[in-house]
Structures are given as structure tokens and as C-alpha cells.
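Novice:
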Amino acid sequence: MGNITDYVTEYGDKTLDELPFNEVDSLILSQFAYLKFDKPLEAADHTMTIGELKDSPEYEQLFTDTRFEKVNRGLFEAMAASRRYSNVKLFEYVNMVDAQWEIQFSAITCMFENGYIYVAYRGTDETLTGWKEDFNMAFITPIPAQTKAVQYLNRIMAGVRSEVTLGGHSKGGNLAVYAAMKCKPDFRERVRLVYSHDGPGFAEGVLDSDDFMTVKDRIRKTVPRSSIVGMVLQTQENYEVVRCRHFGVLQHDPFNWIVEGTEFKKADNIHRHTYVSDASVNRWVSNMDYEKRQEFVELLFEIVSGSGASDLNDFVADPLKMGRGMLNAIEAMDEEDKRILLNIIKEMSAAVNATIKEFMAERVADMFT
926 MGNITDYVTE
936 YGDKTLDELP
946 FNEVDSLILS
956 QFAYLKFDKP
966 LEAADHTMTI
976 GELKDSPEYE
986 QLFTDTRFEK
996 VNRGLFEAMA
1006 ASRRYSNVKL
1016 FEYVNMVDAQ
1026 WEIQFSAITC
1036 MFENGYIYVA
1046 YRGTDETLTG
1056 WKEDFNMAFI
1066 TPIPAQTKAV
1076 QYLNRIMAGV
1086 RSEVTLGGHS
1096 KGGNLAVYAA
1106 MKCKPDFRER
1116 VRLVYSHDGP
1126 GFAEGVLDSD
1136 DFMTVKDRIR
1146 KTVPRSSIVG
1156 MVLQTQENYE
1166 VVRCRHFGVL
1176 QHDPFNWIVE
1186 GTEFKKADNI
1196 HRHTYVSDAS
1206 VNRWVSNMDY
1216 EKRQEFVELL
1226 FEIVSGSGAS
1236 DLNDFVADPL
1246 KMGRGMLNAI
1256 EAMDEEDKRI
1266 LLNIIKEMSA
1276 AVNATIKEFM
1286 AERVADMFT
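Under my numbering, the letters of the sequence shown match residues 926 to 1294, in that order.
(1) Distance check for Met1106 and Thr1139, CA to CA, integer angstroms please.
(2) What residue range is occupied by the uninterrupted beta strand (DSSP E) comprising Tyr936?
(3) Assuming Lys1146 is part of the beta strand (DSSP E), what are its boundary residues?
(4) Please state if the CB of Ala1045 and the CB of Ile1028 are separated by a distance shorter than 9 Å.
(5) Given this structure, state the Cα-to-Cα distance separating Thr930 from Ala1003, to the nearest angstrom.
(6) Once DSSP output is grouped into helix, strand and coil, what is the label at Thr1072?
(7) May I have the straight-line CA-CA distance separating Phe1180 from Glu935, to the nearest angstrom?
(8) What residues match up with Thr1090 in a beta bridge as DSSP calls it?
(9) Should Val1323 go down as buried or exposed, given a rule of 16 or more other Cβ atoms within 10 Å for buried?
(10) Just confirm the distance between the C-beta atoms of Tyr1120 and Ala1101, as a whole number of angstroms; I'd bet it's less than 8 Å.
(11) Which term fits Asp1203, buried or exposed, when burial requires 16 or more other beta carbons within 10 angstroms of its beta carbon?
(12) Which whole-angstrom value describes the C-beta separation of Ala1005 and Leu978, a residue pair presumed to lie in contact below a C-beta threshold of 8 Å?
(13) With a 10 Å radius around its C-beta and 16 neighbouring C-beta atoms as the bar for buried, classify Trp1026 as buried or exposed.
(14) Among Lys961, Gln1219, Met926, whose alpha-carbon lies nearest the alpha-carbon of Ser1031?
(15) Rounded to a whole number of angstroms, what is the C-alpha to C-alpha distance between Val996 and Gln956?
(16) Would Thr974 pass as a contact of Ser1011 if the rule is Cβ separation under 9 Å?
(17) Straight-line CA distance for Leu1091 to Asp1023?
(18) How should Thr989 be labelled, buried or exposed, when 16 other C-beta atoms within 10 angstroms of its C-beta is the threshold for buried?
(19) Give the DSSP-derived three-state secondary structure of Gln1029 in the structure shown.
(20) Return helix, strand or coil for Asn1012, following the three-state DSSP convention.
(21) How big is the Cα-Cα spacing for Leu941 and Asp950?
(22) Does the beta-carbon of His1171 have 16 or more other beta-carbons within 10 angstroms, so that it is buried, or is it exposed?
(23) What are the boundary residues of the beta strand (DSSP E) that includes Leu1118?
(24) In terms of DSSP beta bridges, what is Thr1054 paired with?
(25) Should Lys1057 go down as buried or exposed, given a rule of 16 or more other Cβ atoms within 10 Å for buried?
(26) What residues are listed by DSSP as bridge partners for Ala1192?
(27) Our contact map puts Gly1098 next to Gly1124 with C-beta atoms below 8 Å; I'd like the distance itself, whole angstroms only.
(28) Got a sec: does the ligand NAD put a non-hydrogen atom nearer than 8 Å to the Cβ of Met1138?
(29) Return the residue from the list Glu948, Thr1072, Glu943 that minimises the CA-CA distance to Glu1185.
(30) Would you kindly work out how many angstroms separate the C-alpha atoms of Glu1216 and Asn1061, rounded to a whole number?
(31) Roughly how many angstroms lie between the CA atoms of Thr1199 and His1094, to the nearest whole one?
(32) According to DSSP, is Asp1023 part of a helix, a strand, or is it coil?
(33) Is Val996 helix, strand or coil by DSSP?
(34) Within its chain, find whatever has a CB closer than 6 Å to the CB of Tyr1164; leave out the 5 residues flanking it on each side and keep chain order.
(35) Across which residues does DSSP place Met1036 in a beta bridge pair?
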């Protein structure tokens, strides 16, 4: 049992004609999309192959997100050395982070030697802006990144005549589904498949549309057995469950997904303990109107901003300092904001208790049927 890097090592000598594109390839490119291509591609006039990227004088800039530097480097070097990936052409890279507009959006298009095109949407990066935008999904549709995802796909589809596959990990999976739903109708017909790897769902009503129904059967959603992110706002999308090396939040990391041969090792269902936590979160969110959801998100990020962190790397580097800053931010809140925050936490506790009661009742009923 290996992971995505092991898959590249084992099957990297096979072209897409010899081994067709599959779900593992999609997760690999979704993880690849997290690399920082800004300087390497700018130095190469915005297009190059993965193999050429290895020789770029700006090569080290790819790995500036220090949280995943080692594993990302290992994956990239395996890809660059492989027959399967080394000649994949990269183009139309976009990377936007704007705190004022609360948008974090990035995408890159990959074309294999046989003409197969994959549009990879980046998930949430290390910026606090990216995380704030994720939380905004609870009360805004579309968020700015979703709008940009549609515009990006329309531009790519206007420049090619072939079918296109798209996907992403985490928020990137959500963007891929939304872009497939909302792109121009004639372009939508040329969307081959849409991969959402542990991507969150959508706020109420978004999937109740003909747009979603036209692409529903082409969506391939995969979530780890202890999925948290991918089950947030999960409603109508069908999904398969993947076994992982670790438990809990660590299963969101694509490097922990177990690969057997050319596919993921599947599980029958979400872990029952995770089901309770996921259902509790979704119950809690659904019981709040959009105004209250927004209020909570704004208070939460007021606390996060109080940490003094510029991005998530700061939390990893000095978690105690960041924690003290957040506590100070809570203490500095006015009494009304503290009251609102406390009430929301009480509502979350009530949602957890209600979900546990339902879960236990179902378990008892199963014992007697």
C-alpha cells in the first residue's frame, strides 16, 4: 500500500495511452497545483513542461510553503523524472490573493503529450485570506473564487476544441464542481469529468438547479474515512470513501490517502465517529440564518487576526505566541460580541448533543432489526 508519490514511482514509465488517466492522477495534479509557480513560469514566459520546470533557475520558489516542503518536493521530483508527467505542458497559471476582496484563487492547466487536458484548481493555501474565504462559503454564493473559477474555465475552453477534465483538492474540488456547473452551456458539454477530492459542499439551494443536474453524473467526489472538510455542507453530491494512513484531520492530507495499484483503497462508509461530528457541524450551520453565519465568521477571524499571524506558517512556527494573541483578542472584545460568540458556541453544543442522541437511537434500533 503506497501513496501518490509511490504511484508516480511505480507507474511513471507509462504514458496516458498505456495507462488511462484515473482518480490517482487527478489527486496528484490537484496536489501539484499547490506549488508556487509564479516566479518559475514568469521566468519562462508563462509556459513550460514539468521536466523543464525542474531545471528552472527559480526552482526552489516552488516550495515556499514550508508546511509541506518535503513531501511536495518528493512528489514533484518523481513527476519530473517520469515519462508519464515530465512532458506535461503547463500554461495559463493564475494566482490571486487579495485580502480586501477576500479572495484566494489559483489554477493551472496541464496538457499531456496525447492532448489530454486537466484543469487543476488549487485548494486553500497558507494565507489567512484563503481560509476566510472558505468560511464565507457558509453564507455567500458565489464567493469570489467560485466566480473566478468559472471565468477561468470559460477562457480555457474557448481556446481548445477537445474535452477537458477538471478537479482539485479541498476548496479546489468545490471550485471545479462550481465551474463545471456554471460555465457556458456549450463548454459544459465538453467537460469530461470533474474530480472533487475532499472538497466541501455548497450552501442550501446551490445544487437545486438544472446546471448541477447536467454535470452530476460526471462528478467524482472522494473523501477520506475521517473526512471533515469534504463533508461540510455535503448534500446532493455522491461520493466514495478512501482509506488513509492516519485518523482525524490528518486524513485531509492527500499524501495520507492509500493507493493500491492504480486506484484508491476504498472503505464502505465514513467512520461513525466522524459521521457524528460532520452531522453536528451541518446541523449547526443549517440552524443559523445567513446573517448569523456571517456574524460568527467575522468574530472568528477577528480572533485569528488578533494572533498577529500573517499566514498559517506563523502558527506552525510559534503556536504558543499565536494562541496568546488569540486569547488577548477575545479578552479585548466588547461585551456584546462576547455574548454573541458564547451563544453561538452554545448552539454548537446543542447541535452535537442532538446528533449524538439521533445516532445512538439509530444504533439501538439497528440492534433490534
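For glycine and all other residues, C-beta sits at the position ideal for the given N, C-alpha and C. If you're wondering where the values come from, they're calculated on a predicted model, not measured in any experiment.
Specialist: Based on what the coordinates show:
(1) 8 Å
(2) Here Tyr936 belongs to no beta strand (DSSP E); instead the alpha helix (DSSP H) covers 929-936.
(3) 1144-1149
(4) no
(5) Their Cα atoms are separated by approximately 7 Å.
(6) helix
(7) 16 Å
(8) Per DSSP, Tyr1043.
(9) Here the chain comprises residues numbered 926 to 1294, so residue 1323 is not present and cannot be evaluated.
(10) 7 Å
(11) Legend: pLDDT at Asp1203 = 45, less than 50; position of this residue unreliable, value from coordinates given subsequently. Answer is buried; the Cβ neighbour count reaches 16.
(12) 7 Å
(13) exposed
(14) Lys961
(15) 10 Å
(16) yes
(17) 24 Å
(18) exposed
(19) Collapsing the DSSP output to three states places Gln1029 in a strand.
(20) coil
(21) 10 Å
(22) Around the beta carbon of His1171, fewer than 16 other beta carbons sit within 10 angstroms, so the residue counts as exposed.
(23) 1116-1122
(24) In DSSP, Thr1054 forms no bridge with anything.
(25) buried
(26) Val1166.
(27) 2 Å
(28) The ligand content of the structure shown is nil, which means the ligand NAD is not present either.
(29) Glu948
(30) 11 Å
(31) Because the pLDDT of Thr1199 is 48, which lies under 50, any placement of that residue in the model is unreliable, and the number read from its coordinates should be weighed accordingly. Their Cα atoms are separated by approximately 19 Å.
(32) strand
(33) helix
(34) Lys1146, Val1148
(35) Bridge partners of Met1036: Lys1014, Ile1042.
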